[in-house]
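S.K.: Below is one structure. I have some questions about it.
Protein chains: 2
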Amino acid sequence: MDSQEIKDTILAMGAKARMAAHDLAVLDSGQKNDILRAMANGLREQSAAILEANTKDIAAGEENGLTSAMLDRLRLDDARLEAIAVGIEEVADLPDPVGEVMDEWTRPNDICIQQVRVPIGVIGIIYESRPNVTSDAAVLCLKSGNATILRGGSEAIHSNKAIAHALQSGGQSAGLPDSAIQLIPFTDRESVSVMSGMDQWLDVIIPRGGKGLIETVVSLARMPVIKHYDGICHTYIDKDADVEMAVAIADDAKTHKPGVCNAMETLLVHNQIANDFLPKIATVFTEKGVEMRGDSKALEILGDAAVVASDEDWDTEYLDLIVAIKVVSGMKEAIDHINTHSSRHSECIVTADSNRAESFITRVDSACVFHNASTRFSDGGEFGFGAEIGISTDKLHARGPMALRELTSYQYRIRGNGQIRSLHATT
Amino acid sequence: MDSQEIKDTILAMGAKARMAAHDLAVLDSGQKNDILRAMANGLREQSAAILEANTKDIAAGEENGLTSAMLDRLRLDDARLEAIAVGIEEVADLPDPVGEVMDEWTRPNDICIQQVRVPIGVIGIIYESRPNVTSDAAVLCLKSGNATILRGGSEAIHSNKAIAHALQSGGQSAGLPDSAIQLIPFTDRESVSVMSGMDQWLDVIIPRGGKGLIETVVSLARMPVIKHYDGICHTYIDKDADVEMAVAIADDAKTHKPGVCNAMETLLVHNQIANDFLPKIATVFTEKGVEMRGDSKALEILGDAAVVASDEDWDTEYLDLIVAIKVVSGMKEAIDHINTHSSRHSECIVTADSNRAESFITRVDSACVFHNASTRFSDGGEFGFGAEIGISTDKLHARGPMALRELTSYQYRIRGNGQIRSLHATT
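Quick look at the structure:
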């Protein structure tokens, strides 16, 4: 395929998605939920074809030397496919954000103004190897009334095509508008730049993947980008912390699932509690094989149990059993450290003093700030959102766990009885 | 100044703005309002210096052949300066959006989650010739707890510097943090690209000006851009409209203030009411000197009173006493026309049938949709917001009239009593 064909194909998909978005915007919740359940059944009915396509991707992946972790992310089987189908049915059961009246008031001239949630329109999703994203992203967007254009990674192209086909044909049997869910059927790199440039058709673009992918989209995109960058999350143990609670929270934040964005990377400890707290958490960390990298004050207490932290450590998302530890002279130093080094994702203060907790919370410039609870709760499911499309590290539109509501925009609906500004202005 | 100096200067301003933003985020409403009132007084006290600076800009503008309209936009006098100062005091009197609890709930594991409005952080504003924007933008951003970096047009550079100085020195007497309001003291074109690239310091950038400026910022910016594009606004007269009301609304939308973005550009008329309605509105428009450009069906009714519309007319923001008129075969054609040609700003349906009005409202993909009221009410002041920074034609973050609330982000504040995910997960 040459450049012009790639461009023409994707632009045509954009125009069709816009038409589909207009149809989707007026579907009621019952219709959308019927479509979602039919999509889940479509996946089940076409499971043989999907697994066969997946076998091709796995074979190609093995040939191209993908790591076993990458192959595992790529691999589908009956259980994983059933989990995807059940996930769709769970989304069908969630409340529909579209149509929710966010605010409503009447002006002195009797004009009534409503602010109502509406779909965003057309959402572009660019993702890497996991084929389940094809379903997860399309399904959340559909529930919130949006059309999607999906561009998955080359490793999963056969699986993605088979999944998209199953969703489309299943959904269409229940009234899914044509072109509501479209997968770009090729994976040329150029497709990313074409998508990033077509702001006449895409209302927002969401890159799901590594920093390199996000950076590429950010530098090319003309439309808004919702970014899900790293989580360099901090836990700060204040001087008045309950030490047992502090150990439990720091342990959970670091070791419960170290490879995820809401895991702790840096532990900050008030110097008045460091002598009590640090040896206790060190015992836990040593037992669990966590490498500790401390500043000079931490090393005075931890001795040989820790190694020295470099400047780089304070800005590193380890995603591993490694933790950076710093002893601070007070809460202000902790806050300044966080506001300088954090990725603004999730932070925690452990303290028995709720005034100090409030002071910390209002001064820390991150999406989620926890008092006496593990940063591992920074998650759409744990927040009660039912499903999430990711954790936004942006500050505009969506911040923190991003679910159905964050996939909507709003519209002002203004009702009058003949008011004109030349006669009825209020300002 | 060479490129490197420009870049270094602006990046240094960015770093200082970030520090100031942290200080601003914890000011309470009383402190911010005191600062705002002191800023208003600063303007009054330094009025002589501001007017002297403005004289230089006017002289340079005359020399450079600015039109009289442009010179008028640039010109300040005692009355205009006092209006700016009063405007600041009005913003001080508005409610503070920061700290508002948007949502609050408790999870089954007793974790309490609050969603609280917080400032965005650092806002970059790039604008053209009007020097009052220096104050308006800085003041709205300050009230909402944000630091600003302002980059005004070269025509107004002396006025802008004098106004910024007055705001800063007035505000500092009441505790305005250093670098909370910064004006880039030069107007090299390069400053726009440096600002657009520094996403480490600017959380959002707002271009206020013509399409060319917005396009430039959109193509360069790495951070979110809030755009205020054209208003190609439509009024649709449905078959069951009250004709007298329809004439009044169409007249107001077109002629009350034709040079603004919420004025009507295209009038759509149901064919069952066209014979009754069009001659009546034509009488008004002819009397007021409005040029009518009709499609073939409109011309059949309007005869010589109108000229023929070209394809281009349906996509034009006249900002003038010109209107495009199309007779449609039904509401669906009106909606399709709007969703194809509108700039998604503001549209209106005039009808006595509220079911048809609801159908129109939910199908039209624009920020503001009016039933039986003029699109001229699409305005922050008329919505009761007190002040506006513009009308967003974006769908993410802020849509439609954009005021203090739209200059905020939010933060999740999560309070527990020792919950850890390995023991207390709810999903």
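Chains as they are written, first to last, in this note's numbering: chain S, 73 to 499; chain Y, 73 to 499.
The beta carbon of each residue, even a glycine, is placed where N, CA and C say it ideally should be.
(1) May I ask you to report which of helix, strand or coil DSSP gives Y:A424?
(2) At a cut of 8 Å, does the segment 298-317 of chain S reach the segment 417-428 of chain S through at least three beta carbon pairs?
(3) According to the neighbour-count rule (16 or more other Cβ atoms, all chains shown, within 10 Å of its Cβ), is Y:K404 buried or exposed?
(4) Quick check on Y:M364: buried or exposed, where buried means 16 or more other Cβ atoms within 10 Å of its Cβ?
(5) Leaving aside the five residues before and after S:M111 along the sequence, list all residues of the same chain whose C-beta is less than 6 Å from its C-beta, in chain order.
(6) Is S:S426 buried or exposed, if buried means 16 or more other CB atoms sit within 10 Å of its CB?
(7) So, under 8 Å CB-CB, S:H443 and S:A429 are touching, yes? Tell me the CB distance rounded to an integer number of Å.
(8) Expressed to the nearest angstrom, what Euclidean distance is found between the alpha-carbon atoms of Y:I107 and S:C213?
(9) Taking Cβ positions only, does S:T499 come closer than 8 Å to chain Y?
(10) CA-CA distance, S:V276 and S:V297?
(11) Assuming S:C440 and Y:I486 are in contact, meaning their beta carbons sit under 8 Å apart, how far apart are those beta carbons, in whole angstroms?
(12) Going by Cα to Cα distance, which pick from S:I397, S:A210, S:S368 is closest to S:A475?
(13) At 3 residues or longer, and completely inside the segment 201-261 of chain S: list those beta strand (DSSP E) runs for me, N to C.
(14) Mind checking the segment 431-445 of chain S against chain Y and listing, in chain order, the residues whose C-beta falls within less than 9 Å of any C-beta there?
(15) What does Y:I321 reach in chain S if we use C-beta pairs closer than 8 Å?
(16) Give the residues of chain Y in contact with S:N218, contact being defined as C-beta atoms less than 9 Å apart.
(17) Counting pairs of beta carbons, one from the segment 283-295 of chain Y and one from the segment 259-275 of chain Y, are three or more of them closer than 8 Å?
(18) Looking at chain S, which residues of the segment 447-464 of chain Y have a Cβ within less than 7 Å of any of its Cβ atoms?
(19) Provide the residue span of the beta strand (DSSP E) that contains Y:F442, from first to last.
(20) Starting from the beta carbon of S:P500, find every residue of chain Y whose beta carbon is closer than 9 Å, and list them in chain order.
(21) In chain order, which continuous runs of the alpha helix (DSSP H) of length 4 or greater are located wholly inside the segment 262-348 of chain Y?
(22) What are the boundary residues of the beta strand (DSSP E) that Y:D150 is part of?
(23) Cβ of Y:Q483 less than 8 Å from any chain S Cβ?
(24) Looking only at DSSP bridge pairs, what is Y:G196 linked to?
(25) Using only alpha-carbon positions, find the residue among Y:H230, Y:I197, Y:D182, Y:V163 that is nearest to Y:S216.
(26) Strictly by DSSP, which residues pair up with S:V173?
(27) Can you tell me where the beta strand (DSSP E) with Y:I397 in it begins and where it stops?
(28) Three-state secondary structure (DSSP) at Y:N489?
(29) For a cutoff of 8 Å on Cβ pairs, would you count Y:K326 as touching chain B?
(30) List, in order along the chain, the chain Y residues whose C-beta lies closer than 7 Å to that of S:K467?
(31) Is the beta carbon of Y:L371 closer than 8 Å to that of Y:V501?
(32) Suppose contacts are defined by Cβ-Cβ distances below 8 Å. Is Y:V395 in contact with Y:N411 by that definition?
(33) Which first and last residues belong to the beta strand (DSSP E) in which S:G137 is found?
(34) Name the DSSP bridge partner or partners of S:M474?
(35) For Y:I433, tell me which candidate among S:D74, S:L153, S:V190, S:A155 has the shortest Cα-Cα distance.
(36) Taking Cβ to Cβ, would you say S:A72 is nearer than 8 Å to S:V400?
M.R.: To lay it out plainly:
(1) coil
(2) yes
(3) exposed
(4) buried
(5) I160, L239, G242, G243
(6) exposed
(7) 4 Å
(8) 44 Å
(9) yes
(10) 6 Å
(11) 6 Å
(12) S:A210
(13) 219-223, 253-255
(14) S431, I433, T434, R435, V436, D437, S438, A439, C440, V441, F442, H443, N444, A445
(15) G490, I492
(16) Those do not exist, as S:N218 stays about 11 Å from chain Y at its closest Cβ, beyond 9 Å.
(17) yes
(18) R448, F449, G453, E454, F455, G456
(19) 440-445
(20) It is not possible to answer for residue 500 of chain S, since the shown part of chain S is limited to 73 through 499.
(21) 262-269, 283-292, 315-327
(22) Run containing Y:D150: none in the beta strand (DSSP E); it sits in the alpha helix (DSSP H), 150-165.
(23) yes
(24) Y:I221, Y:I277
(25) Y:V163
(26) S:V188
(27) 394-400
(28) strand
(29) Of the chains in the structure shown, none is chain B; the protein chains are S and Y.
(30) I192, G193, D275, S481
(31) A question about residue 501 of chain Y goes unanswered here, because the residues of chain Y that appear run from 73 up to 499.
(32) no
(33) No beta strand (DSSP E) contains S:G137, which DSSP labels as neither H nor E.
(34) S:G462
(35) S:V190
(36) This structure leaves residue 72 of chain S out entirely; chain S is present only between 73 and 499.
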